[in-house]
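Numbering (our numbering), first residue to last: 2 to 69. Working notes, beginning with the structure itself.
Structure follows, in C-alpha coordinates:
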(Lines of atoms letter the chains of each structure in order from A; the text may use other names.)
(Lines give C-alpha, C1' and ligand atoms only; values in the text may rest on other atoms or scores of the structure.)
Protein backbone atom coordinates (compact mmCIF):
# COMPACT_ATOMS: atom_id res chain seq x y z
CA UNK A 2 0.00 0.00 0.00
CA UNK A 3 1.40 3.39 -1.00
CA UNK A 4 1.69 6.10 1.62
CA UNK A 5 1.55 9.79 0.86
CA UNK A 6 4.74 11.85 1.32
CA UNK A 7 4.68 15.40 2.68
CA UNK A 8 7.49 17.94 3.02
CA UNK A 9 8.17 20.17 6.03
CA UNK A 10 5.64 22.76 4.86
CA UNK A 11 2.89 20.13 4.58
CA UNK A 12 2.82 19.95 0.78
CA UNK A 13 2.19 16.54 -0.78
CA UNK A 14 5.36 15.71 -2.71
CA UNK A 15 4.75 12.10 -3.77
CA UNK A 16 4.32 8.53 -2.57
CA UNK A 17 6.27 5.90 -0.63
CA UNK A 18 6.09 2.17 -1.36
CA UNK A 19 8.03 0.97 1.69
CA UNK A 20 11.45 1.31 0.05
CA UNK A 21 11.35 4.17 -2.44
CA UNK A 22 9.99 7.71 -2.38
CA UNK A 23 8.52 8.77 -5.74
CA UNK A 24 7.92 12.39 -6.70
CA UNK A 25 4.60 13.50 -8.19
CA UNK A 26 5.92 12.62 -11.67
CA UNK A 27 6.54 9.03 -10.55
CA UNK A 28 10.34 9.23 -10.49
CA UNK A 29 12.25 7.54 -7.67
CA UNK A 30 13.99 10.29 -5.69
CA UNK A 31 14.92 8.68 -2.36
CA UNK A 32 15.57 5.14 -1.13
CA UNK A 33 14.89 3.94 2.39
CA UNK A 34 17.29 1.21 3.55
CA UNK A 35 15.90 0.24 6.96
CA UNK A 36 16.64 3.40 8.97
CA UNK A 37 18.87 5.18 6.41
CA UNK A 38 17.76 7.42 3.53
CA UNK A 39 19.72 7.85 0.28
CA UNK A 40 19.37 10.05 -2.82
CA UNK A 41 18.76 8.14 -6.04
CA UNK A 42 21.14 10.35 -8.06
CA UNK A 43 24.41 8.59 -8.82
CA UNK A 44 26.45 8.22 -6.82
CA UNK A 45 23.78 7.53 -4.21
CA UNK A 46 24.53 9.52 -1.07
CA UNK A 47 23.35 9.15 2.50
CA UNK A 48 21.00 12.04 3.31
CA UNK A 49 19.36 11.16 6.61
CA UNK A 50 17.60 8.88 9.04
CA UNK A 51 14.15 7.29 8.77
CA UNK A 52 12.31 6.73 12.07
CA UNK A 53 8.63 6.05 12.59
CA UNK A 54 6.72 7.96 9.94
CA UNK A 55 9.35 10.58 9.09
CA UNK A 56 12.86 11.13 7.76
CA UNK A 57 15.26 13.81 8.95
CA UNK A 58 18.51 15.04 7.44
CA UNK A 59 21.87 15.19 9.22
CA UNK A 60 21.02 18.52 10.83
CA UNK A 61 17.68 17.22 12.14
CA UNK A 62 15.49 19.05 9.61
CA UNK A 63 12.51 17.17 8.24
CA UNK A 64 13.08 15.59 4.82
CA UNK A 65 9.59 14.09 4.62
CA UNK A 66 6.81 12.59 6.68
CA UNK A 67 4.35 9.85 5.75
CA UNK A 68 0.59 9.52 6.04
CA UNK A 69 -1.66 6.63 5.04
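Backbone N, C-alpha and C fix where the C-beta goes; we use that ideal spot for every residue, glycine too.
Per-residue burial, residue 9 [other beta carbons within 10 Å of its own, 16 or more giving buried]: The residue in question, residue 9, is exposed, as its Cβ has fewer than 16 Cβ neighbours within 10 Å.
Could you name the residues of the same chain whose beta carbon sits closer than 8 angstroms to that of residue 63, not counting the 5 residues immediately before and after it, in chain order? Within the same chain, Cβ atoms closer than 8 angstroms to the Cβ of residue 63 are found at 8, 9, 55, 56 and 57, the five residues on either side in sequence being excluded.
Assuming residue 31 and residue 41 make a contact with CB atoms under 8 angstroms, what is their CB distance in whole Å? About 6 angstroms; that satisfies the 8 angstroms criterion.
Please state whether the Cβ-Cβ distance between residue 50 and residue 36 is less than 7 angstroms. If you check the CB distance, residue 50 and residue 36 come in under 7 angstroms.
Quick one: what's residue 63 bridged to in DSSP? When DSSP reads this structure, residue 63 sits in a beta bridge with 57.
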